[in-house]
Each structure stands twice: as C-alpha cells, then as structure tokens.
Amino acid sequence: MLTSGDLQAHPGMLALARESLGMTQTGVADAMTKASDGATVVSQGYVSKAESGRLAVGEDRLVLYAAALGYPPELLCVDPQVGGVGVGLIHHRKRASLSAPALRRIHAQLALVRLQVSGMAGAAAVPDSRHRFPQVALDDFTTARDAARQVRREWAMPAGPVADVIGSIEAAGGWVVVRDLGSKLLDAVSQWDGRQMPLILVNDCAPGDRCRFSVAHELGHLVMHTEPGATGEQEKQADAFASEFLMPAADIRQAFTGGVDLARLADLKRIWRVSMSALLRRAVDLNALSDWQYRTVAVEMSALGYRTAEPIDITPERPRRVDALVDTLLSDHGLEIDQAAACARLLPEDFERLYVAGNRSLSMPLRR
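Per UniProt numbering, the sequence shown starts with residue 1, numbered consecutively.
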C-alpha cells in the first residue's frame, strides 16, 4: 500500500483541484499554513511553483496540500491527461455574463466528476466506452435537425414528446451527473473525446423545462461537434438540434394550427415539458407565426415576468445510472463507504454527500 512518502503530486492536478473549489493560489497557501497549525508557512509563490512543475510536492507537503483542498493525496498525484479528465472538447450552454473564473471552476468540476465516475465504473467492472452515440458530420446536405432525427431513430424513440431526456441519454450509454455548479448562469456542460463515456454535468438549480432543453442542447454538441469551431454557429446548431429532438416538426406542427396565445403555450408546456419560450420559438421556426405575432406574444410574456419565471413547474429529471453504479459497489460488491470513496478518489464524507445521500437505488443498509 502506498504511503504519502511514495506519492508525488502532479502539477496539472494541483491546479485542477484548486480551480474546482474556486480557490486562489493565495487561498491555498493560507489553508496549507492553517492545516499545519502554523508550523509551516506556505506562500503563494510556493503554490505557483508547485502548479507550474518548478518544484516537487511530496511527503509532508502533499499531506498539507490535500488537507487544504479537501481531497485525498492520491487524487493530487493523478496526471489529468493520462487519467482522461483533460481530454476532449468541453461544451456548455452559458450566459455571456458568466465570469471566466466561474467557468474554469465548472470545467474543473466536470473533469473531476469524470475521474470519479470512471473510477467507480472501473471498480464495478462497468465498461465506460460502450455507448450508442452516433457522430454526425454537418454539411450542406446534413443539418442539425437531421442529426436530431437520426439520434431519435437510432435510439428507437417513439413519436411525440420525449418522456425522459436524461433517461434516454443514460440508456444509450452516457453518464449524467447533477451538481451544484455555483452559478445560475450555466445549466449544463458536457465532454466527450469520442472514445470514453459521453458525460453531461447538470446544474441542480435549473428549472425542469429549461434543464430538458439544456441537456438536449449538450447532446447535440456531443453528437455533432467533435472539433473546435465557431462558437456562435455551434451554439445555434445545438439549439436547432435540441428543438427538433424535443419537439419534432412532424409531431408538433399540428399543435400550432389555429393560433398561438399564452393559454395555448401553457397547455403545450404541460404536454411537451419544455418552456413556453421554447415553444414560441418553435412555432416561429415552423412558420406557424408571423414575426409580428411572435413579437406580440413575446412582449406579453415579458410584461408578465415570464422571461424569468414561467407558470407551470416541470419536475426536474434526475439521473439513475450513477446511483445504480454506487449501489453496485456498496451492495453487490460489498464495499464499505471508505473503499468506494477511494475508487472515486474522494474523502469518505464527500463521497457520502455527493453519491450516497438521496440515492434511491441503494438496496441495502450501508456499511461504514
């Protein structure tokens, strides 16, 4: 068994772990000093050199680092690239006002969630590369809407509203995890390198209707965008994918005949479980409304405050696959909390908070 003396921190993981907590280098230095009860004074310069690889971090300093960040020492020794957490394009549907530090924190959280789930999947002998996610190249003849129709077809989804967006993604081999992302300015973020598991991280504060659209938007990115491209264009394509995936033209067009008003949009929201705003935009896309009619309804919605809080709450969808994975480790494999936490490279109390509390899949009492 490795001890702290056998371990050496990886510079990239030191930076990633710090960013996942939204901490500054000065904050880490102060926390390390505090963790040593003042016996060791750590400077911001030390943290900077450690993260840049200009000095090695091992033994006692590694223990202090781990205590300051609240992660096991073993996590801090993982190479982010070899561990797969820094591989693949990251996509997100965010508002322009989200700050760069907040976005870096969310990206770091996504990377660590990938490492956690991969570790648990490996311990449970669950392959993380089996999936049914097609990769669709867009060109002059293949649009984002074509890609959405292809996914629905390959996943054998019935016509009409999508019963469970997250469930459909999980059934196809993707992983979805819900977390507090620390901001209301981003609903979901995703990553896939084309080989490992497609992963979507969902903000737990997103309303149910908006969450469904954001998750479908991320699915569009995963399916269509394997290379960097013009951000604005890719976002439009992901929106078009989500609209067709959730509200197929062939199925919803008839619902817009006879006019569209607030009462009609509210009725359709209950059926399709997307926002009234998304339904209104879909009606325009399908030429069921003129620009003047669209503006009239949009102004009415804005005056009623619907741009920030629509009527009719849609129950948020919740992932089940990761919960089942945790149950496999704890129940089928008989692991104790600290053993399962080690698989995820988390402290036991954090593993229990993130993956056990509220887990409805657990089939037997926990062993601690």
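Every residue gets a Cβ at the ideal spot worked out from N, C-alpha and C, and that includes glycine.
Bridge-paired residues (DSSP) for residue i
i, result
"residue 28", "According to DSSP, residue 28 bridges with nothing at all."
"residue 221", "The partner list for residue 221 (beta bridge, DSSP) is empty, contrary to what the question assumes."
"residue 8", "58"
"residue 107", "Answer is none; residue 107 lacks a bridge partner."
"residue 90", "191"
Closest residue to residue i among the options (Cα-Cα distance)
i, options, result
"residue 144", "153, 70, 239", "239"
"residue 389", "200, 183, 153", "Beyond the ends of the chain as shown, which are 1 and 368, falls residue 389; an answer cannot be given."
"residue 26", "112, 49, 10", "49"
"residue 313", "133, 270, 241", "270"
"residue 234", "137, 98, 332", "137"
"residue 31", "67, 322, 286", "67"
"residue 324", "306, 302, 291, 361", "361"
"residue 369", "34, 247, 61, 100", "An answer regarding residue 369 cannot be provided, because it is not within the stretch 1 to 368 covered by the chain."
"residue 55", "267, 14, 245", "14"
"residue 121", "349, 108, 340", "340"
"residue 185", "205, 178, 192, 174", "205"
"residue 252", "344, 303, 237, 159", "159"
"residue 276", "297, 287, 286, 257", "297"
"residue 241", "35, 217, 303, 263", "217"
"residue 47", "39, 16, 37, 72", "16"
"residue 44", "23, 320, 58, 60", "23"
"residue 178", "110, 224, 193", "110"
"residue 211", "51, 164, 223", "164"
"residue 156", "263, 37, 133, 75", "133"
"residue 222", "287, 139, 209, 151", "151"
"residue 305", "262, 293, 33, 349", "262"
"residue 71", "331, 250, 359, 348", "348"
Cβ-based burial, residue i [other Cβ within 10 Å; buried from 16]
i, result
"residue 451", "A question about residue 451 goes unanswered here, because the residues of the chain that appear run from 1 up to 368."
"residue 9", "buried"
"residue 2", "Residue confidence is low: residue 2 scores 46 on pLDDT, short of 50, so the model does not pin down where it sits. No coordinate-derived value is stated."
"residue 11", "buried"
"residue 272", "buried"
"residue 291", "exposed"
"residue 398", "Examination of residue 398 is not possible in this model, given that the chain is present from 1 through 368 alone."
"residue 6", "exposed"
"residue 203", "buried"
"residue 243", "buried"
"residue 198", "buried"
"residue 278", "buried"
"residue 358", "exposed"
"residue 250", "exposed"
"residue 345", "buried"
"residue 245", "buried"
Extent of the continuous beta strand (DSSP E) to which residue i belongs
i, result
"residue 234", "Run containing residue 234: none in the beta strand (DSSP E); it sits in the alpha helix (DSSP H), 231-246."
Element boundaries [alpha helix (DSSP H), containing residue i]
i, result
"residue 349", "348-351"
"residue 139", "It is not in any alpha helix (DSSP H) - residue 139 carries neither H nor E in the DSSP assignment."
"residue 277", "276-285"
"residue 265", "262-272"
"residue 124", "That residue, residue 124, is in no alpha helix (DSSP H); it is neither H nor E in DSSP."
"residue 255", "No alpha helix (DSSP H) holds residue 255; DSSP gives it neither H nor E."
In chain order, which continuous runs of the beta strand (DSSP E) of length 3 or greater are located wholly inside the segment 152-225? Within the segment 152-225, the runs of beta strand (DSSP E) at least 3 residues long that lie entirely inside it are, in chain order, 175-179, 186-192, 199-203.
Runs of alpha helix (DSSP H) lying entirely within the UniProt domain "HTH cro/C1-type" (14-76), each at least 4 residues, in chain order:
Within the UniProt domain "HTH cro/C1-type" (14-76), the complete alpha helix (DSSP H) runs of at least 4 residues are 25-35, 44-52, 59-69, 73-76.
Completely contained alpha helix (DSSP H) runs for the segment 301-367, where each covers 4 or more residues | Complete alpha helix (DSSP H) runs here, min 4: 321-327, 337-343, 348-351.
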